[in-house]
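Asks:
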Amino acid sequence: MTNELRTNYSKVLQNLAEGLDISPSKYQQAVQRYTSVGKWISDGEYADVQGEPYIYTQGSFRLGTVVRPIKNGNESDYDIDLVCQLPLNKNNTSPASLKEAIGTRIKDNATYQKMLDKEGKRCWTLNYAEQDGVGFHLDILPSIPESTDNINQLNDAGVASDFAKKAISITNKEKDNTYTWSASNPNGYAEWFDMIKRPIFEKLLLEQKQIIFENNKTIYNQIDEVPEQLVKTPLQRAIQILKRHRDTRFAGHEWEDDKPISMIITTLSARIYQQEADLYLTIKTIVEKLATLSQLLTFGATLDEEIARLHLIKKNEDGTWSIPNPVNPIENFADRWHENNGRKAKAFFLWVSWVKSDLIDILDQSDVNVVVKELEVRFGETAINQARKGILLTLSEVAAATAGIPHTDIQNPSKPWSY
24 MTNELRTNYS KVLQNLAEGL DISPSKYQQA VQRYTSVGKW ISDGEYADVQ
74 GEPYIYTQGS FRLGTVVRPI KNGNESDYDI DLVCQLPLNK NNTSPASLKE
124 AIGTRIKDNA TYQKMLDKEG KRCWTLNYAE QDGVGFHLDI LPSIPESTDN
174 INQLNDAGVA SDFAKKAISI TNKEKDNTYT WSASNPNGYA EWFDMIKRPI
224 FEKLLLEQKQ IIFENNKTIY NQIDEVPEQL VKTPLQRAIQ ILKRHRDTRF
274 AGHEWEDDKP ISMIITTLSA RIYQQEADLY LTIKTIVEKL ATLSQLLTFG
324 ATLDEEIARL HLIKKNEDGT WSIPNPVNPI ENFADRWHEN NGRKAKAFFL
374 WVSWVKSDLI DILDQSDVNV VVKELEVRFG ETAINQARKG ILLTLSEVAA
424 ATAGIPHTDI QNPSKPWSY
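Under this note's numbering, the residue at position 251 of the sequence shown is numbered 274, and the numbers go up by one with no gaps.
(1) State the Cα-Cα distance for the pair ASP280 and ASP270, rounded to the nearest angstrom.
(2) Under a three-way DSSP split, which group does VAL378 fall into?
(3) Pull up the distance between the alpha-carbon of TYR57 and that of ASN408, whole angstroms please.
(4) Starting from GLU230, follow the alpha helix (DSSP H) in both directions and report where the run begins and ends.
(5) Using CA atoms only, rank isn't needed, just tell me which of LYS379, GLY365, LEU335 is closest to LEU304.
(6) If you measure between the beta carbons of GLY211 and ALA180, is that distance less than 8 Å?
(7) Among residues of its own chain, excluding the 5 on either side of LEU43, which ones have a beta-carbon nearer than 6 Å to its beta-carbon?
(8) Can you name the residues that DSSP bridges to SER205?
(9) Count the other C-beta atoms from every protein chain shown that fall within 10 angstroms of the C-beta of GLU311, then say buried if there are 16 or more, exposed otherwise.
(10) Tell me the DSSP secondary structure of VAL182 in three-state form.
(11) Using three-state DSSP, classify ALA119 as helix, strand or coil.
(12) Am I right that ALA357 and ILE287 are in contact with their C-beta atoms under 8 Å? What's the rounded C-beta distance?
(13) Select from PHE322, ILE309, GLY342, THR321 the residue whose C-alpha is nearest the C-alpha of LEU335.
(14) Quick one: measure Cβ to Cβ for LYS369 and LEU320, integer angstroms, because I've assumed they're closer than 8 Å.
(15) Which stretch, first to last residue, makes up the beta strand (DSSP E) that contains GLU41?
(16) Using only the alpha-carbon positions, how far apart do THR343 and ILE385 sit?
(17) If contacts are defined as beta-carbon pairs under 8 Å, then THR194 and LEU121 qualify, I think. What distance do you get, rounded to the angstrom?
(18) Taking the beta carbon of GLU169 as the centre, do at least 16 other beta carbons fall within 10 Å, making it buried, or is it exposed?
(19) Taking the DSSP output, what are the residues bridged to GLU98?
(20) In this structure, what does DSSP give as the bridge partners for CYS107?
(21) Here's the rule I'm using: 16 or more other beta-carbon atoms within 10 Å means buried, otherwise exposed. How should SER117 be labelled?
(22) Go to PRO47, then tell me how far its alpha helix (DSSP H) extends in each direction, as first and last residue.
(23) DSSP three-state call for ILE353: helix, strand or coil?
(24) With H, G and I counted as helix, E and B as strand and the rest as coil, what does DSSP make of GLU153?
(25) So, for GLU299: in the same chain, excluding its five sequence neighbours on each side, which residues have a beta-carbon less than 7 Å away from its beta-carbon?
(26) Output the boundary residues of the alpha helix (DSSP H) element that contains ASN408.
(27) Should ILE246 and LYS226 be called a contact, given that it needs their Cβ atoms to be closer than 8 Å?
(28) Within 10 Å of its beta-carbon, does GLN108 have 16 or more other beta-carbons around it, so buried, or fewer, so exposed?
(29) Give the secondary structure of LYS113 by DSSP, where H, G and I count as helix, E and B as strand, and everything else as coil.
(30) Bridge partners for LYS338 per DSSP, in chain order?
(31) Alpha carbon to alpha carbon, how far is ASN239 from VAL106? Give it in angstroms, no decimals.
(32) Hey, out of LYS367, ALA293, HIS276, whose CA is closest to SER317's CA?
(33) Return the residue from the list ASP66, GLY87, ALA70 that minimises the CA-CA distance to ILE20.
Spelled out as structure tokens, the structure:
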């Protein structure tokens, strides 16, 4: 494939990711809804609070990697995760009382009470009715600040103080209806992720805000009203495509329940990202580095020193696997990879091989129409037709192939913190 065709292929991937993303109008609607819920919870009366409640988003909505979920082969409602952090002392608070306090406050609102789902393991969930064929699930996570002792342990484990101090304790409802605490740090993780993407984000900020404004003047009166959260880097776009590819590839597969979780895809992609300005190159770099890790499935394999320095995935001598949370090394995203004869580990590397074949190696095809058809199989004919609209992808469409892949040169980029 020529350089120009490869560049256009990257544009198709870019358009595909934009199509998978939440639209500016739906983003605005989501913000309005979680802001209203957050205000209602914040205005409640809670015993022994030592300040104002802190309400903020977490997960893919906060990271800018949201993709509309696929359930039973169909697109489902967007999931929005909201953290409700009450300023309580952990030594004087039980997880049961915290969960009950937030639930009671939500139920005190007649509108929210009708939308409230049954109590979840960690969250209270509000189900919003569909508008224009799109609905929302708002998961509200009760939490309190982590204890000083546990924050000190994070510091001792090598977590930067700015990240460690944002750690929280969240509630778990166990199968026997008892409640326990679990550690989490969604705000610290988001700041770690933001630090990695910041150099290229600052390069793209003004240009992307201008484009979003021009295309959404019914929503925004001026460019300053465009939220920075709608500006997306190649890292975020790559993660969106990888997550959708995972969902479609595992749909109906015997290992569907073992497919890679989003936190693993996001964390590994962020660790690998090298500020590429081109989406295709971003995905290619991520996938090729992950593919080299498949040798870990073989006992006694030794990784290349360059790959080992990235601290991506570790296989321990006892057969367990490790993918540490970058802001809480005690939390292991791969803690279940050894179960069922390592099926989750095998599913991960099977998926990596699929991505490499479906999105990278396919460019070796001499017939570009085969590339288009393969993309349609993986992402849907409608999505790909929309993504390639106005973009030249067949040899007959290209009069000359002289352009190369654009590259933004960032001098001395900041290095992501590592443990």
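Idealized CB from N, CA, C, for every residue including glycine. All values derive from a computational prediction rather than experimental measurement.
Replies: Taking the structure as given:
(1) On the sequence shown, residue 280 is found 257 positions in, with the first residue counted as 1. On the sequence shown, residue 270 is found 247 positions in, with the first residue counted as 1. The straight-line gap from Cα to Cα measures roughly 11 Å.
(2) Counted from its first residue, the sequence shown places residue 378 at position 355. DSSP places VAL378 in helix when its eight states are reduced to three.
(3) Counting from 1 along the sequence shown, the entry for residue 57 is found at position 34. Counting from 1 along the sequence shown, the entry for residue 408 is found at position 385. TYR57 and ASN408 have their C-alpha atoms roughly 34 Å apart.
(4) Locating residue 230 in the sequence shown gives position 207, counting from the first residue. That run of the alpha helix (DSSP H) goes 209 to 238.
(5) Position 281 of the sequence shown, counting from 1, holds the residue named residue 304. The option with the nearest alpha carbon to LEU304 is LYS379.
(6) Here residue 211 corresponds to residue number 188 of the sequence shown, with the count starting at 1. Here residue 180 corresponds to residue number 157 of the sequence shown, with the count starting at 1. The answer is no: Cβ separation not under 8 Å.
(7) Translated into positions along the sequence shown, residue 43 becomes position 20. Closer than 6 Å at Cβ, skipping near neighbours: VAL90, GLN263, ARG267.
(8) Locating residue 205 in the sequence shown gives position 182, where the first residue counts as 1. Its beta-bridge partners are ILE193.
(9) Within the sequence shown, the letter at position 288 stands for residue 311. Answer is exposed; the Cβ neighbour count stays below 16.
(10) Position 159 of the sequence shown holds residue 182. Here VAL182 carries a coil assignment [DSSP, helix/strand/coil].
(11) Translated into positions along the sequence shown, residue 119 becomes position 96. Three-state result, ALA119: helix.
(12) Counting from 1 along the sequence shown, the entry for residue 357 is found at position 334. Counting from 1 along the sequence shown, the entry for residue 287 is found at position 264. Going by Cβ atoms, the distance from ALA357 to ILE287 rounds to 7 Å, so yes, they are a contact pair.
(13) Along the sequence shown, read from residue 1 onward, the residue named residue 335 stands at position 312. Put simply, of PHE322, ILE309, GLY342, THR321 the residue whose alpha carbon is nearest the alpha carbon of LEU335 is ILE309.
(14) Position 346 of the sequence shown holds residue 369. Position 297 of the sequence shown holds residue 320. Cβ-Cβ separation between LYS369 and LEU320: approximately 7 Å, consistent with a contact (criterion under 8 Å).
(15) Position 18 of the sequence shown, counted from the start, is the residue given in the question as residue 41. Unbroken run through GLU41 is the alpha helix (DSSP H), 26 to 43; no beta strand (DSSP E).
(16) Within the sequence shown, numbered from 1, the residue matching residue 343 stands at position 320. Within the sequence shown, numbered from 1, the residue matching residue 385 stands at position 362. Distance between the alpha carbons of THR343 and ILE385 is about 33 Å.
(17) As a first step, residue 194 must be located in the sequence shown, where it is residue number 171. As a first step, residue 121 must be located in the sequence shown, where it is residue number 98. At roughly 6 Å, the Cβ-Cβ gap stays under 8 Å, so THR194 and LEU121 are in contact.
(18) Counting from 1 along the sequence shown, the entry for residue 169 is found at position 146. Buried, since its Cβ has 16 or more Cβ neighbours within 10 Å.
(19) Against the sequence shown, residue 98 aligns to sequence position 75. GLU98 is bridged to ILE93.
(20) For the purposes of this step, residue 107 is taken as the residue at position 84 of the sequence shown. Residue pairing by DSSP puts CYS107 in a beta bridge opposite ILE78, PRO165.
(21) By one-based count along the sequence shown, residue 117 stands at place 94. Result: exposed.
(22) Here residue 47 refers to the residue found at position 24 when the sequence shown is read from its first residue. Unbroken alpha helix (DSSP H) run through PRO47: 47 to 65.
(23) The residue labelled residue 353 in the question sits at position 330 within the sequence shown. Three-state result, ILE353: strand.
(24) The residue given as residue 153 occupies position 130 in the sequence shown. Strand at GLU153.
(25) Your numbering for residue 299 matches position 276 in the sequence shown. Only PRO257, THR305, THR308 meet the Cβ criterion.
(26) For this step, residue 408 is matched to residue 385 along the sequence shown. First-last of the alpha helix (DSSP H) with ASN408: 404 to 410.
(27) Counted from its first residue, the sequence shown places residue 246 at position 223. Counted from its first residue, the sequence shown places residue 226 at position 203. ILE246 places its beta carbon 8 Å or farther from that of LYS226.
(28) Sequence index remark: in the sequence shown, residue 108 carries index 85 (1-based). That one is buried.
(29) Translated into positions along the sequence shown, residue 113 becomes position 90. Helix at LYS113.
(30) As a working note, residue 338 is residue 315 in the sequence shown. In the DSSP assignment, LYS338 is bridged to TRP344.
(31) For this step, residue 106 is matched to residue 83 along the sequence shown. For this step, residue 239 is matched to residue 216 along the sequence shown. Roughly 29 Å separates the two Cα atoms.
(32) Here residue 317 is taken as the residue at index 294 of the sequence shown, counted from 1. Relative to SER317, the option among LYS367, ALA293, HIS276 whose CA is nearest is LYS367.
(33) Nothing can be reported for residue 20: it is not among the residues displayed for the chain, which extend from 24 to 442.
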